[in-house]
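Asks: Residue numbers (the working numbering): 48 to 182.
First the structure, then my questions, so here it is.
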């Protein structure tokens, strides 16, 4: 991957910070769309880029891949679903609950360019999305 010029890097960094601030605000204030169920949390993601591919890892421990909905529309990857509390723990007393449960959704803006999505995989509790660069 070629080094980025300082101005592009600065704007990309600023956009990333605004995205993080938006996510924090949505999670804190729980802004719901009118008349419908909404996601209660956003899974964290890691994004890696090579000369020929883009990789997105979405942390979803305990969520079966077949229950995760993944779509790509207009350069935005949408990953959504639900992380359910295991049946064995539904009547247990909770001492600590740090891993989110419930409906989740994450929207991920792809970088500039054309990408061809591969088949999603689950590896070590992460949904792995591989995109080949096209053209």
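No residue lacks a Cβ here, since even glycine has one placed at the ideal position from N, Cα and C.
Keep in mind it's a predicted model, so treat the numbers as computed, not measured.
When burial is assigned at 16 or more other CB atoms within 10 Å of the CB, is residue 61 buried or exposed?
Replies: By 1-based counting over the chain shown, the position of residue 61 is 14. Under this definition residue 61 is an exposed residue.
Asks: From residue 182 to residue 163, what distance separates their C-alpha atoms?
Replies: Stepping through the chain shown from its first residue, residue 182 is reached at position 135. Stepping through the chain shown from its first residue, residue 163 is reached at position 116. Cα-Cα distance, rounded: 10 Å.
Asks: Could you please give me the residues that DSSP links to residue 145 through a beta bridge?
Replies: The count along the chain shown starts at 1 and reaches residue 145 at position 98. None; residue 145 has no bridge partner.
Asks: Go through the region 82 to 168 residue by residue and report every complete run of the alpha helix (DSSP H) that reaches 4 residues or more, in order.
Replies: Counting only runs of 4 or more, we get nothing.
Asks: Tell me the rounded alpha-carbon separation between residue 98 and residue 114.
Replies: By 1-based counting over the chain shown, the position of residue 98 is 51. By 1-based counting over the chain shown, the position of residue 114 is 67. Each residue's alpha carbon lies about 31 Å from the other.
Asks: Just to confirm before moving on: does the CB-CB distance between residue 112 and residue 174 stay below 9 Å?
Replies: Within the chain shown, residue 112 is the residue found at index 65, counting from 1. Within the chain shown, residue 174 is the residue found at index 127, counting from 1. In contact: residue 112 and residue 174 (Cβ atoms closer than 9 Å).
Asks: Which same chain residues, not among the five before or five after residue 160, have their C-beta less than 7 Å away from its C-beta?
Replies: Translated into the one-based positions of the chain shown, residue 160 becomes position 113. Answer for residue 160: 180, listed in chain order.
Asks: Just grab the DSSP bridge partners of residue 65 for me.
Replies: Translated into positions along the chain shown, residue 65 becomes position 18. In DSSP, residue 65 forms no bridge with anything.
Asks: Under 9 Å, do residue 107 and residue 133 count as touching if we go by C-beta distance?
Replies: Counting from 1 along the chain shown, the entry for residue 107 is found at position 60. Counting from 1 along the chain shown, the entry for residue 133 is found at position 86. Taking 9 Å as the Cβ cut-off, residue 107 and residue 133 do not qualify as a contacting pair.
Asks: For residue 167, I'd like the list of residues in its chain whose CB is within less than 8 Å of its CB, leaving aside the five on either flank, ordered along the chain.
Replies: Position 120 of the chain shown holds residue 167. Contacts found: 112, 115, 117, 174, 175, 176.
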